[in-house]
DNA sequence: CAGTTGACTGAATGGACGTTTAACGACATA
DNA sequence: TATGTCGTTAAACGTCCATTCAGTCAACTG
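Residue numbers (the numbering used here), protein chains in the order written: chain A, 858 to 1165; chain B, 858 to 1165.
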């Protein structure tokens, strides 16, 4: 009994793999049982022996790649570090990992996505998987928002946006595999996150003046600091009735040219000036520029240190 | 001659529209010429009269929705305002406009994308369209970067990311049309851009707004600032179990000598360093050094209120 | 060694589909 | 009215495909 079922499972797996290959090569519409059986090195009739019908074979194929995908992604999350950003980071890596992100498998995904709209069984399976994936991403974003001090960001929006971007890159890969670069895609996903979580996902800065790297690069990197400062300032200027460059310059007591230097990330305010900026834009300006590093810094100073 | 060609074009268009409907309802694999002709209210044989083959009909169908899509998007850009961000904004709107963003058409797009991988004619057409679309997006991003003073941002990365996110939302719409909301999708696309171009795409922030006004001369006095800073620092050092100069220097990432310069009022921290000090000695450090400046300024909440 | 079971084959079947084609009606022309 | 063209139809043809099934082969059983 165990032997026969072992053979059965092996054959089923063999046929499913052949189906993936066939869909990858000939497309969904062009995949026939004869091709599948031929790919598996078996005769055509065997398919209806191990699967009731072609439809059952295709459903089983979808189930397998869905299971494989979900298992891979969950494992990647579980293996991620303990920092709030680590699982998100791991998920991005997982979605472009050669283990599941091959041209063949991406082709199969799109084949089933396209058919899902007219075939309820596909749609149900895909929809549920997508829901679980989204909910997981949303929870990770929420945790990052809570623990990172990013109140005011909508975790659901970030999660849908990130998922959408990843799926979109899958499409790019499907259509132009030659022009596609994994690392660029991952970097761009992180570019999205860097605009929202600047501490955990530092934005790549082009012109970086000499950095003083005595402490943690993350928290103390000078170029990153300037970039965050520039972003925080820009966000508070022109739009929505905010002050202009001239008004801000006057308020802080510098020239508009100086402010423009800050906005470009070329210069930075003096300690007096940035203090005024913090006061002017209280209460979110400081955390936005410096991040929620206060607690971490105090921990570094030791126990009974520095009560304000 | 003109009459016959008019009939010909009408019939072709009729059949193409029927093909779109059929693919939308039955999927690519489930679409037959009998269905298409029936949908168009014609007999099956007529298809091979106006199109050489089924393949030609399908290619013509893809060409039509591609042309329609491209025309719509280019017109939207052309009709956009003159500000550097307007075309990007218009493109986002266009991609979710009910004119081209219907469940039927999105289904057809995915059907062809899925088949593109095994059918060279589809792939060529789709690939070229995607290239033009990307290049247009990239140019718009580049213009925004140049004119908006965002040096250091990679226009290509922003463009690929935005395009990917939009395509990903199309997938969301395909799989779960019920749960999909156009406005949320567009807002999330703009959320991505808000992290990069905060001036043109303001991020919705929930917290209390701050204010900007002209600061009093004495509040800006540099020497007084340094003196208050030195006092505030001294108060938190040696006595009462606080950190020593070396510890503080290490925490902020500077030399002890630098810290002594601050304590003497001879030098002052950089903007990055003082931000870290504020974080270290939160919450009373900032008001002690800068005084009630922020509160005083906010009391005068004027017209040009800044969103915090 | 005969008998039985299970895995697998490959030809047969029946239906669906794309394509072809002969025929038909409407309309214009002569 | 006769003739020819154009648009269209519907039946017929040939192919391909999923499915079925009788039969083969090997391994195991008693």
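A virtual CB, placed ideally from N, CA and C, is assigned to each residue, including glycine.
- The C-alpha of residue 915 (chain A) lies about 32 Å from the C-alpha of residue 926 (chain B).
- Scanning chain A for C-beta atoms nearer than 7 Å to the C-beta of residue 974 (chain B) yields 884, 964, 1031, reported in chain order.
- Less than 8 Å separates the beta-carbon of residue 885 (chain B) from that of residue 972 (chain B).
- In chain order, 1010, 1012 place their CB closer than 6 Å to the CB of residue 1002 (chain B), counting only its own chain and leaving out the 5 sequence neighbours on each side.
- In this structure, residue 1115 (chain B) and residue 1106 (chain B) form a Cβ contact; the two beta carbons are roughly 7 Å apart against a cut-off of 8 Å.
- If one requires a minimum length of 4 residues, the alpha helix (DSSP H) runs lying completely within the segment 872-937 of chain B are 890-897, 904-907, 911-935, in chain order.
- Proximity of the segment 1118-1135 of chain B to the segment 1123-1142 of chain A meets the contact definition, three or more beta-carbon pairs being nearer than 8 Å.
- Of the residues assessed, residue 1126 (chain A) falls on the buried side of the cut-off, its CB having 16 or more other CB atoms within 10 angstroms.
- Your pair residue 1015 (chain A) and residue 962 (chain A) does not check out as a contact, with CB atoms roughly 26 Å apart and the cut at 8 Å.
- In the DSSP assignment, residue 1134 (chain B) falls within the unbroken alpha helix (DSSP H) covering 1128-1137.
- Distance between residue 890 (chain B) and residue 1028 (chain A), taken at the CA atoms: about 29 Å.
- Boundaries of the alpha helix (DSSP H) harbouring residue 990 (chain B): 977-1005, taken from the DSSP string.
- Of A:985, A:1138, A:1054, the smallest CA-CA separation from residue 1036 (chain B) is found for A:985.
- Ranking A:990, A:864, A:1053 by CA distance to the CA of residue 906 (chain A) puts A:864 first.
- Listed in chain order, the non-local C-beta contacts of residue 953 (chain B) below 7 Å within the same chain comprise 1039, 1042, 1043, local neighbours out to five positions each way being set aside.
- For residue 1055 (chain A), the closest of A:1020, A:874, A:1008, A:1146 by C-alpha to C-alpha distance is A:1146.
- Membership of residue 1036 (chain A) in any alpha helix (DSSP H) is not indicated, and neither H nor E is assigned to it by DSSP.
- Boundaries of the alpha helix (DSSP H) harbouring residue 949 (chain A): 943-952, taken from the DSSP string.
- Between the segment 865-875 of chain A and the segment 865-874 of chain B there are fewer than three inter-stretch CB-CB distances shorter than 8 Å, so the stretches are not counted as touching.
- Under the DSSP assignment, residue 1118 (chain A) falls in the alpha helix (DSSP H) whose first and last residues are 1113-1121.
- At a beta-carbon threshold of 7 Å, the residues of chain B lying near residue 1018 (chain A) are 1022, 1045, 1048, 1049, ordered along the chain.
- Residue 936 (chain B) is not a Cβ neighbour of residue 1058 (chain B), given a cutoff of 8 Å.
- Look at residue 892 (chain A): its C-beta is not under 8 Å from any C-beta on chain B.
- Contacts with chain A at 8 Å (Cβ-Cβ) include residue 1060 (chain B).
- At least 8 Å separates the beta-carbon of residue 1024 (chain B) from that of residue 1018 (chain A).
- Distance from the Cα of residue 968 (chain A) is smallest, within the candidate group A:996, A:1121, A:1047, A:887, for A:887.
- Each of B:881, B:944, B:898, B:949 was checked against the Cα of residue 922 (chain B), and the nearest Cα belongs to B:881.
- Counting along the chain, residue 1008 (chain A) sits inside no alpha helix (DSSP H), nor does DSSP assign it H or E at all.
- Within chain B, the C-beta atoms nearer than 7 Å to that of residue 1086 (chain A) come from 1128, in chain order.
- What residue 1121 (chain A) touches in chain B, judged by beta-carbon distance under 7 Å, is 1006, 1008, going in chain order.
- Against chain A, a Cβ distance below 7 Å from residue 1147 (chain B) picks out 1132, 1133, 1136.
- Distance check between residue 908 (chain B) and each of B:867, B:1046, B:1087, B:966 places B:867 closest, using alpha-carbon atoms only.
- Annotated three-state conformation of residue 1051 (chain A) is helix, per DSSP.
- Spatial neighbours of residue 1119 (chain A) in its own chain (CB-CB distance under 7 Å, excluding positions within 5 residues in sequence) are listed in chain order as 1086, 1087, 1090, 1125, 1126.
- Between residue 1049 (chain A) and residue 1052 (chain B), the CB-CB gap stays under 8 Å.
- Residue contact with chain A for residue 887 (chain B): present (Cβ-Cβ distance below 8 Å to some residue of chain A).
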